[in-house]
Amino acid sequence: MGKKVRVKCNEDDTIGDLKKLVAAQTGSRADKIRIQKWYTIYKDHITLKDYEIHDGMGLELYYN
Numbered sequence: 001m002g003k004k005v006r007v008k009c010n011e012d013d014t015i016g017d018l019k020k021l022v023a024a025q026t027g028s029r030a031d032k033i034r035i036q037k038w039y040t041i042y043k044d045h046i047t048l049k050d051y052e053i054h055d056g057m058g059l060e061l062y063y064n
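Quick note: the sequence shown, position 36, residue 36 per UniProt numbering, numbers continuous.
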């Protein structure tokens, strides 16, 4: 099981913004992070609101 990372975002933030926050907290590169849920890989330009991502929701993070 992986490490849990918590970040604070707004619903108007994009997946790309979320990646930058995660990268800053973990010391990794944002362009190497892939965020997905089940088999859906989230695209950087789509907002959290559009993907219906809300507070407390678990997502899968992979480092490519």
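Every residue, glycine too, gets a C-beta built ideally from N, C-alpha and C.
Pair within 8 Å by beta-carbon distance, Thr-14 and Ile-41:
No, Cβ-Cβ distance for Thr-14 and Ile-41 is not below 8 Å.
Report all residues from its chain with a CB closer than 7 Å to the CB of Asn-64; omit the five preceding and five following residues, and keep chain order.
Excluding residues within five positions, the ones whose Cβ falls inside 7 Å are Lys-32, Arg-34.
Under 8 Å, do Gln-36 and Glu-60 count as touching if we go by C-beta distance?
Their beta carbons are under 8 Å apart, which means Gln-36 touches Glu-60 by this criterion.
Segments of 3+ residues assigned as beta strand (DSSP E) that fall wholly inside the segment 30-63
Complete beta strand (DSSP E) runs here, min 3: 33-37, 60-63.
Would Ala-30 and Lys-20 be called neighbours here (beta carbons separated by less than 8 Å)?
The answer is yes: Cβ separation under 8 Å.
Can you list, in chain order, the residues of its chain whose CB lies under 6 Å from that of Gly-56, leaving out five sequence neighbours each side?
Excluding residues within five positions, none has a Cβ falling inside 6 Å.
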